[in-house]
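For the sequence shown, full-length UniProt numbering assigns the number 1 to the initial residue and increments by one for each residue that follows. Virtual Cβ for every residue (Gly too), placed ideally from N, Cα, C. To keep things clear, I will list the structure first and then write my remarks on it.
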Amino acid sequence: MYGSRRRLPRKLTPLVLKESYPSTSEYSISASGPFTTQLTLEHNRFRELVPNYNTDISFQDSEGSGEDHLMSRRCKEKLDTLAISTMNQYPGVRLRVLEAFDTENVHQPNSLHYEGRAVDISVSDRDRSKLGMLARLAIEAGFDYVNYRSKWHIHASVKTESTDISRSGGCFPANATVTTPTGVKKMSNLIIGDQILVATPEGQLTFSPVLIFLHRETKSSQKRLYLVIATEKNQQIQMTASHLIFVANTPRTDMADSYVTFAKNVEPGHYVYVSVDNTMELQKVVSVTGIVGKEHYAPLTSEGSIVVNNVVASCYAMVESHDLAHAAFSPMRMLLNSKEAAKHFLKTIHFSSLRARDGSSSLDTNEIALDKENGGIHWYAEILYKLGYYVLPDNYLYQ
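This is the structure:
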């Protein structure tokens, strides 16, 4: 039954040596996500780390500096949960942390230890036969990536807090650009009614009005992880992992034969559609990295598509079907188009001058003023997102 979230009890199976969960790169979005930056004592994000002095955990602290007590909030939460489940599984045995946050560059480049997002763990009695089950318990505790990489310890890591926040919708950052009939415009300067470049289902480039913002936060203190999808010709698009983008598997795929997928699924070797001199061409993806940003924008156009930083993307997110999402927003488009038609009708019969005299001409001005406010998620989009989790199969939804 769709919408049911009840999990049936199951027997826990230990991992085997060299097995990881998920069975993908630690830096993939389905695992702990990309490395963002190496934290030092002077870095402004160092203060985001929290100390863990849980007495149910044994910290090796081989450096003698106390660094192994430092970790991200999410890592601390999962580690504390694992400490409880370890004692429940093995009475009298405590969880043992061998490595956590590190500033001495003893790990591989871009290690999540340098961000306080990774731990190397074992058990206090040093019984290696328990490590396979410890790895399973780490998965159950909520670690985003677990690897039984060594016969001496388990490696586990977590996503950034900003990655979790991105589950609330798909967006573009403030410095992303769109193309208007008069030139390039930053996403942060975009307002409702602006004509911007989009792609039709047939692969033609045209201009379409911004109807609403599905999500917009200009004053948010919450950071999000944006994926930076870069092509062989130095084009880049930044978007949250849950946003939809048009991709192809070969360099000779018409737009009509493309498919959409979450940005988190895009990998080097895929092809994306790029606007070049008023035509569309496919460019190979050469890298997918991550950056963190605060302001978030998701404009909806009449076509349901948008060209951002010259790369074609969908306006939609969270549900892995552009056509389904576009159909679901049909009532909203009809409502907005009817409103626009009514405004044109009033102007045609000379009501504009009457409104100017009695002050009601402030309608358009007020709409623009409201448009510039910090709006969050649009109410219609929020209803659809929540409804989708009850009526759609799990494989349609962003997980």
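- Cβ-based neighbour list, residue 146, same chain, cut-off 6 angstroms, excluding 5 preceding and 5 following: Working through the sequence shown from its first residue, we reach residue 146 at position 146. The answer, listed in chain order, is 21, 135, 138, 139, 156.
- Item | Whole-angstrom distance between residue 319 and residue 398, CA atom to CA atom | Locating residue 398 in the sequence shown gives position 398, where the first residue counts as 1. Locating residue 319 in the sequence shown gives position 319, where the first residue counts as 1. Their backbone Cα atoms lie some 6 angstroms apart in a straight line.
- Where residue 416 sits in the DSSP three-state scheme: This structure does not reach residue 416, given that the chain is present from 1 up to 399, and the question cannot be answered.
- Which whole-angstrom value is the C-beta distance of residue 243 and residue 325, which I expect to be below 8 angstroms? Taking the sequence shown and counting its residues from 1, the one referred to as residue 243 is at position 243. Taking the sequence shown and counting its residues from 1, the one referred to as residue 325 is at position 325. Going by Cβ atoms, the distance from residue 243 to residue 325 rounds to 11 angstroms, so no, they are not a contact pair.
- Cβ neighbours of residue 301 in the same chain (closer than 8 angstroms, five flanking residues each side left out): Numbered from its first residue, the sequence shown carries residue 301 at position 301. Counting only Cβ-Cβ distances below 8 angstroms, and skipping sequence neighbours, we find 196, 198, 208, 209, 210, 211, 315.
- Query: Is the Cβ-Cβ distance between residue 247 and residue 226 less than 8 angstroms?
  - Reply: For the purposes of this step, residue 247 is identified with residue 247 of the sequence shown, where counting begins at 1. For the purposes of this step, residue 226 is identified with residue 226 of the sequence shown, where counting begins at 1. The answer is no: Cβ separation not under 8 angstroms.
- Are at least three pairs of beta-carbons, each pair with one atom in the segment 29-42 and one in the segment 276-290, less than 8 angstroms apart? yes
- Message: Quick check on residue 83: buried or exposed, where buried means 16 or more other Cβ atoms within 10 Å of its Cβ?
- Response: The residue labelled residue 83 in the question sits at position 83 within the sequence shown. Buried, by the Cβ-count rule.
- Buried or exposed: residue 92, going by 16 or more other Cβ atoms within 10 Å of its Cβ? Residue 92 sits at position 92 when you count from the first residue of the sequence shown. Under this definition residue 92 is an exposed residue.
- Query: If residue 275 and residue 310 are in contact, beta carbons under 8 angstroms, what's the gap, nearest whole angstrom?
  - Reply: Residue mapping note: residue 275 aligns to position 275 of the sequence shown, counting from 1. Residue mapping note: residue 310 aligns to position 310 of the sequence shown, counting from 1. With 8 angstroms as the limit, residue 275 and residue 310 qualify as a contact, their Cβ atoms being about 5 angstroms apart.
- Return the Cβ separation of residue 75 and residue 117 in integer angstroms, given the expectation that the two are a contact with Cβ distance under 8 angstroms. To locate residue 75, count along the sequence shown from 1; it is residue 75. To locate residue 117, count along the sequence shown from 1; it is residue 117. With 8 angstroms as the limit, residue 75 and residue 117 qualify as a contact, their Cβ atoms being about 6 angstroms apart.
- Task: Give the range of the beta strand (DSSP E) segment to which residue 215 is assigned.
- Result: Position 215 of the sequence shown, counted from the start, is the residue given in the question as residue 215. First-last of the beta strand (DSSP E) with residue 215: 205-217.
- Task: Please name the residue in 159, 153, 379, 41 whose C-alpha comes closest to that of residue 72.
- Result: On the sequence shown, residue 72 is found 72 positions in, with the first residue counted as 1. Per the Cα distances, 159.
- In this structure, what does DSSP give as the bridge partners for residue 14? To locate residue 14, count along the sequence shown from 1; it is residue 14. Paired residues: none, contrary to the question.
- Task: Would you check if the distance between the CB atom of residue 86 and the CB atom of residue 95 is smaller than 8 angstroms?
- Result: Working through the sequence shown from its first residue, we reach residue 86 at position 86. Working through the sequence shown from its first residue, we reach residue 95 at position 95. In contact: residue 86 and residue 95 (Cβ atoms closer than 8 angstroms).
- Message: Suppose contacts are defined by Cβ-Cβ distances below 8 angstroms. Is residue 151 in contact with residue 232 by that definition?
- Response: Against the sequence shown, residue 151 aligns to sequence position 151. Against the sequence shown, residue 232 aligns to sequence position 232. No, the Cβ-Cβ distance between residue 151 and residue 232 is not below 8 angstroms.
- Name the DSSP bridge partner or partners of residue 226? Reading the sequence shown from its first residue, position 226 is the one you call residue 226. 240, 291, per the DSSP bridge assignment.
- Message: If you follow the alpha helix (DSSP H) that residue 132 is in, where does it begin and where does it stop?
- Response: Here the question's residue 132 lines up with position 132 in the sequence shown. Element bounds for residue 132: 131-141.
- Query: Under the DSSP definition of a beta bridge, which residues are partnered with residue 270?
  - Reply: Here residue 270 refers to the residue found at position 270 when the sequence shown is read from its first residue. The partner list for residue 270 (beta bridge, DSSP) reads 268.
- So, using beta-carbon positions, are residue 173 and residue 238 closer together than 8 angstroms? Sequence index remark: in the sequence shown, residue 173 carries index 173 (1-based). Sequence index remark: in the sequence shown, residue 238 carries index 238 (1-based). It is a contact, given that the beta carbons lie within the stated cut-off.
- Run the CB neighbour count on residue 52, radius 10 Å, all protein chains shown included, and call it buried at 16 or more, exposed below. Position 52 of the sequence shown, counted from the start, is the residue given in the question as residue 52. Per the 10 Å Cβ criterion, buried.
- Message: Please classify residue 252 as buried or exposed, where buried requires at least 16 neighbouring CB atoms within 10 angstroms.
- Response: The count along the sequence shown starts at 1 and reaches residue 252 at position 252. Residue 252 is exposed by the Cβ-count criterion.
- Would you call the CB atoms of residue 133 and residue 297 closer than 8 angstroms? Counting from 1 along the sequence shown, the entry for residue 133 is found at position 133. Counting from 1 along the sequence shown, the entry for residue 297 is found at position 297. It is not a contact, given that the beta carbons lie outside the stated cut-off.
- Query: So what's residue 318 in DSSP terms, helix, strand or just coil?
  - Reply: Locating residue 318 in the sequence shown gives position 318, counting from the first residue. Three-state result, residue 318: coil.
- For residue 230, which residues from the same chain have a beta carbon less than 8 angstroms from its beta carbon, with the 5 sequence-adjacent residues on both sides left out? Walking along the sequence shown from the start, residue 230 turns up at place 230. Excluding residues within five positions, the ones whose Cβ falls inside 8 angstroms are 236, 285, 286, 287, 288, 289.
- Item | Residues that DSSP places opposite residue 123 in a beta bridge | By 1-based counting over the sequence shown, the position of residue 123 is 123. Answer is 95.
- Query: In terms of residue numbering, what span does the alpha helix (DSSP H) encompassing residue 391 cover?
  - Reply: Locating residue 391 in the sequence shown gives position 391, where the first residue counts as 1. It spans 379-391 - the alpha helix (DSSP H) in which residue 391 sits, taken as one unbroken run.
- Would residue 401 be called buried (16 or more neighbouring beta carbons within 10 Å of its own) or exposed? With the chain represented from 1 up to 399, any question about residue 401 goes unanswered, as that position is not in the structure.
- Item | Identified DSSP bridge partners for residue 311 | As a position in the sequence shown, residue 311 is number 311, starting the count at 1. Looking at the DSSP assignment, residue 311 forms a beta bridge with 274, 308.
- Item | Nearest candidate by alpha-carbon position, reference residue 194, set 332, 178, 28 | One-based indexing of the sequence shown puts residue 194 at position 194. The option with the nearest alpha carbon to residue 194 is 178.
- Message: Rounding to the nearest angstrom, what Cα-Cα distance links residue 142 and residue 215 in this structure?
- Response: Reading the sequence shown from its first residue, position 142 is the one you call residue 142. Reading the sequence shown from its first residue, position 215 is the one you call residue 215. The alpha-carbon atoms of residue 142 and residue 215 are separated by roughly 28 angstroms.
- Item | Neighbourhood of residue 281 by C-beta distance below 7 angstroms, restricted to the same chain and skipping five residues each side | As a first step, residue 281 is located in the sequence shown; it is residue number 281 there, counting from the start. Result list for residue 281: 274, in chain order.
- Relative to the alpha-carbon of residue 23, which residue among 108, 105, 123, 149 has its alpha-carbon at the smallest distance? The residue given as residue 23 occupies position 23 in the sequence shown. Measuring from the Cα of residue 23, the nearest candidate turns out to be 149.
- What first and last residue would you give for the beta strand (DSSP E) that runs through residue 196? Locating residue 196 in the sequence shown gives position 196, counting from the first residue. Here the beta strand (DSSP E) through residue 196 covers 195-199.
- Query: Nearest to residue 14 by alpha carbon, out of 154, 217, 201?
  - Reply: For the purposes of this step, residue 14 is taken as the residue at position 14 of the sequence shown. Among 154, 217, 201, the Cα nearest to that of residue 14 belongs to 154.
- residue 409 lies in the beta strand (DSSP E); which residues open and close that run? Summary: the structure shown does not reach residue 409, with the chain confined to residues 1 through 399, and so no result is reported for it.
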